[in-house]
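Q:
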Amino acid sequence: MNFGFVHVYTGNGKGKTTAAFGLALRAAGNGYKTFIGQFLKGVKYGELEIEKFTNGLVKVKQFGKPDFVHEITEEDIKLAKKGFEECKKAIFSGEYQIVILDEINVAIYFKLIETKEVIELIKNKPEGVEIVLTGRYAPEELIEIADLVTEMKEIKHYFQRGIQAREGIER
Numbered sequence: 008m009n010f011g012f013v014h015v016y017t018g019n020g021k022g023k024t025t026a027a028f029g030l031a032l033r034a035a036g037n038g039y040k041t042f043i044g045q046f047l048k049g050v051k052y053g054e055l056e057i058e059k060f061t062n063g064l065v066k067v068k069q070f071g072k073p074d075f076v077h078e079i080t081e082e083d084i085k086l087a088k089k090g091f092e093e094c095k096k097a098i099f100s101g102e103y104q105i106v107i108l109d110e111i112n113v114a115i116y117f118k119l120i121e122t123k124e125v126i127e128l129i130k131n132k133p134e135g136v137e138i139v140l141t142g143r144y145a146p147e148e149l150i151e152i153a154d155l156v157t158e159m160k161e162i163k164h165y166f167q168r169g170i171q172a173r174e175g176i177e178r
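In the numbering used here, the protein residues as written are 8 to 178.
1. Under 7 Å between the Cβ atoms of T17 and E158?
2. How big is the Cα-Cα spacing for I132 and Y165?
3. Go through its chain and collect everything with a Cβ distance to G20's Cβ below 6 Å, but skip five positions before and after it.
4. Here's the rule I'm using: 16 or more other beta-carbon atoms within 10 Å means buried, otherwise exposed. How should A6 be labelled?
5. Which residues in the same chain have their Cβ closer than 6 Å to the Cβ of Y39, if we skip the five residues on either side of it in sequence?
6. Rounding to the nearest angstrom, what Cα-Cα distance links E121 and L149 in this structure?
7. For K68, which beta-bridge partners are listed by DSSP?
8. Is it buried or exposed, T80, if we count other Cβ atoms within 10 angstroms and call 16 or more buried?
9. With a CB to CB cut of under 6 Å and the five nearest residues on each side skipped, what residues in its chain are close to A6?
10. Less than 7 Å separating the beta-carbons of L86 and F70?
11. Where do the N-terminal and C-terminal ends of the beta strand (DSSP E) with D109 fall, by residue?
12. Smallest Cα separation from L64: which of F42, K88, R173, Y52?
13. Should A114 and F28 be called a contact, given that it needs their Cβ atoms to be closer than 7 Å?
14. Looking at the strands, I want to know which residues DSSP matches up with L155.
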């Protein structure tokens, strides 16, 4: 298999994390291993159960508090830095063919991680590791360096009608 490309899933529409998890599921179905580091997330979402259903081919770790970030705290910074280090370890471990940095773009936007750190990681990664970067606000520098960029655009969303996140669909 020819791994090693860099994907960016960004935009204000729903589906960035879902697309990344779909890629991980497809990879697992073909016997490939994926590490997913979730930045700014500490809530028990349904996707955390994926390890059970993929016989450990997909590993998910969260690096965030169980609530939305409104004002950045030292804890947010510490968790994001820890997550970035764990993702780097996964990339260089030789164990994973795919590493997904879920919501890394938002972590960059909130200045928890620097864009230049992510670019350096991409430039120095092993050839055979596919990297997926998700989240709104993808910096132009990451869009430039990526091999594939998808922008999710919200056209209509039932949240605007007061429908909250539903178990099994959004969480």
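Every residue gets a Cβ at the ideal spot worked out from N, C-alpha and C, and that includes glycine.
From a predicted model like this one, the values you see are computed outputs, not experimental measurements.
A: Short version:
1. yes
2. First, the amino acid is wrong: residue 132 is Lys here, not Ile. In a straight line, the C-alpha of K132 is about 39 Å away from that of Y165.
3. Here the set comprises M159, K160, E161.
4. As displayed, the chain neither begins before 8 nor continues past 178, which places residue 6 out of reach and without an answer.
5. Excluding the 5 residues flanking it on each side, Y39 has same chain C-beta neighbours closer than 6 Å at Q104, in chain order.
6. 11 Å
7. G44
8. exposed
9. With the chain represented from 8 up to 178, any question about residue 6 goes unanswered, as that position is not in the structure.
10. A Cβ-Cβ contact shorter than 7 Å links L86 with F70.
11. 105-109
12. F42
13. No. Outside cutoff.
14. DSSP lists H14 as partners of L155.
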